[in-house]
Amino acid sequence: MKLNSPLQVYKYLPQINCAECGEATCMAFASHLIDRSKKLEDCPPLLKDEFKKKYVELQTLLAPEIREITIGTGEQAKKIGGDDVLYRHQLTFFDPTAFAYDVWDTMPENELIDRINRIQNFRKFYVGKFLKLDMIAVRCVSGDALKFAGTVKKVSETTKLPLILCSFDPSVLKAALDVVKDKNPLIYAATEKNWGEVAELALNYKVPVVLFSTDLDKLKSLALTFREMGIKDLVLDPGTYPQGKQLKGTFERFVKLRRAGIKEGQKDIAYPIMAVPLNAWLVYKDTATASYWETVLASVFTVRYGDIMILHSLEPYAVLPEVHLRDTIYTDPRTPVKVAPGVNQVGSPAKDSWLSD
Ligand code: SF4
C-alpha cells in the first residue's frame, strides 16, 4: 500500500522535531516527502540504526507506482518513469519524457560528430530556463559488432549525454557494452527470440534494458522473467506504428500499460514506456512529411504515456513543438508558471536576429 498522506508518513518518522532536515517539524517533512521536494536521506536521525527498519519500510511505501530508472551517469544522467498518477491534474507528472535522437554506425565520422554536436548543443530559452535534448540513441545499421563498437566509442568521446545502444543482436550489444560499460547505457532491446542472451548482458553489465513486444501478454511475461532473474531496471516498448489502425492499436497499448501499472496496481508491468516516433521514417520518405508525422507521434506519446522516445528529425519545425509540449505537460500544476518581475535586457538583438532559434 503506497502512502499518500503526510499523516501516514509521519507515523514512520522519528517524531522528535529536531529540524535537522531544514523543516521545523516531522509533519512538515512528511508533506515534503509526499510532494518529493525532500528525500528520506534528508532526515539524519532516520538513517541511524534505531530507525533503520522504518527507513527501509518507507523506501518501499513511498516508491512511485511506475518504477523510476536512471540512464547514464553524472550530471547529465536522466531519470525516467517515477509517476504516480494517470492525469497531471491529480498531482503532477515527475520525470519529463526523455528525448533521444539517433545516430548510426554507417555515418561518416565528420557527419557523426556534427550531428552529435547539434543534439547536445540544442537550446531553446523558455520561461526562465533552457529546453534541451537528453540522449543519443546509437543504432547498429551495419550489423558489424566491431564497427558498431567503434561508433559507440566515438560518440562517448564526443558527448556526456546518456546513450541508448540499439541492436537486436546480443553480440553487437556486447561489443558496445565493453566500450561504455561504466556509463550506464540503456540497451535496446530484448525480444521473444534473444531475451536469454540480452538478460545475461543486463545482469553482467548491470545496465537498464528495453523489452520489446507488441503483444502485451508476451511483454508482461518478459518483464516477469527479467524481474525473477533480478533485473529491475526495465523499459517496455510495446511497438510504435505510425499510421492507420496500427497507430490506434499503439495508442491503446500505451494507455493499457499505464492504467495497468497505476490504476490496477499491476507491479509486474509498472515500468517506464518507450515510444519510437522515428518509425515514421520507415513509412514516409519525404523529409518534411516524415518529420511532421514523427512530431505528431512524439506529441501523442508525450501526452499518453511515453517516458522515453527515440527520434530522428532535428529540423526546428519538428523539435520546437516537441520540447514545448513536453515542458507544458511536465510543468507542476500546483506551482503557477511565473518569472521574476522587472525590466531585463535579453541578448543583443541585431538585424537578422529574428531568423535564429
Ligand atoms: S530531521 Fe527527521 S526527525 Fe528531525 S525534524 Fe526532520 S523529519 Fe523530524
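By the numbering used here, the letter at position 138 of the sequence shown is numbered 411, and the numbering carries on one by one without gaps. The beta carbon of each residue, even a glycine, is placed where N, CA and C say it ideally should be.
Item                                                                                                                              : Value
Where the beta strand (DSSP E) containing residue 412 begins and where it ends                                                    : 408-412
Ranges of the beta strand (DSSP E) found wholly within the segment 548-621, counting only runs of at least 3                      : 581-584
According to DSSP, residues forming a beta bridge with residue 484                                                                : 463 and 509
The alpha helix (DSSP H) enclosing residue 499, as first and last residue numbers                                                 : 489-501
Test item: CB-CB of residue 553 and residue 537 under 8 Å                                                                         : no
Bounding residues of the beta strand (DSSP E) (the contiguous stretch that carries residue 449)                                   : First-last for residue 449: 443-453, but that is the alpha helix (DSSP H), not the beta strand (DSSP E).
Expected contact under 8 Å - CB spacing of residue 505 and residue 340 to nearest Å                                               : 7 Å
Beta-carbon contacts of residue 370 that lie in its chain and below 7 Å, excluding the five residues immediately before and after : 575, 579, 580, 581, 582 and 599
DSSP-derived helix/strand/coil call for residue 294                                                                               : coil
Close-in-space but distant-in-sequence residues of the same chain around residue 486 (CB under 6 Å, 5 per side omitted)           : 492
Cβ distance (whole Å) where residue 376 is taken to contact residue 409 below 8 Å                                                 : 6 Å
Given 8 Å, three or more beta-carbon pairs between the segment 438-453 and the segment 469-484                                    : yes
In DSSP terms, what residue 299 is bridged to                                                                                     : Beta-bridge pairing links residue 299 to no other residue.
Coil, strand or helix - residue 354 by DSSP                                                                                       : strand
Opposing strand residues paired with residue 341 [DSSP bridges]                                                                   : 354
Cβ separation of residue 544 and residue 613, assumed to be a contact under 8 Å, to the nearest whole Å                           : No, residue 544 and residue 613 are not in contact; Cβ-Cβ is about 39 Å, not under 8 Å.
C-alpha gap between residue 500 and residue 307, whole angstroms                                                                  : 27 Å
Of the listed residues 405, 389, 387 and 299, nearest to residue 395 (C-alpha basis)                                              : 405
Residue 302 Cβ short of 7 Å to the ligand SF4 heavy atom set                                                                      : yes
Assigned secondary structure, residue 285 (DSSP; H/G/I helix, E/B strand, else coil)                                              : coil
Proximity winner among 459, 482, 318 and 490, relative to residue 468 (alpha-carbon distances)                                    : 482
Range of the contiguous alpha helix (DSSP H) that encloses residue 389                                                            : 382-394
Spatial neighbours of residue 380 in its chain, beta-carbon cut-off 8 Å, leaving aside the 5 residues before and after            : 388 and 424
Where residue 430 falls, given that 16 or more other Cβ within 10 Å makes a residue buried                                        : exposed
Simplified DSSP state of residue 403, which is helix, strand or coil                                                              : strand
Bounding residues of the alpha helix (DSSP H) (the contiguous stretch that carries residue 535)                                   : 517-535
Any non-hydrogen atom of the ligand SF4 within 7 Å of residue 439 CB                                                              : no
Nearest-angstrom Cβ-Cβ length linking residue 596 and residue 454, presumed shorter than 8 Å                                      : Not really, about 31 Å apart at Cβ, beyond 8 Å.
In DSSP terms, what residue 377 is bridged to                                                                                     : 412
Spatial neighbours of residue 413 in its chain, beta-carbon cut-off 6 Å, leaving aside the 5 residues before and after            : 378, 421, 440 and 445
Endpoints, the beta strand (DSSP E) within which residue 436 is located                                                           : 436-439
Same chain, Cβ closer than 6 Å to residue 471, neighbours up to 5 away in sequence not counted                                    : 443 and 463
Beta-carbon contacts of residue 403 that lie in its chain and below 7 Å, excluding the five residues immediately before and after : 396 and 397
Residue 570 vs residue 515 beta-carbon contact at 8 Å                                                                             : yes
For residue 399 and residue 531, the rounded distance between their alpha carbons                                                 : 30 Å
Residue 605, buried or exposed, once every other Cβ within 10 Å from all chains shown has been counted against 16                 : exposed
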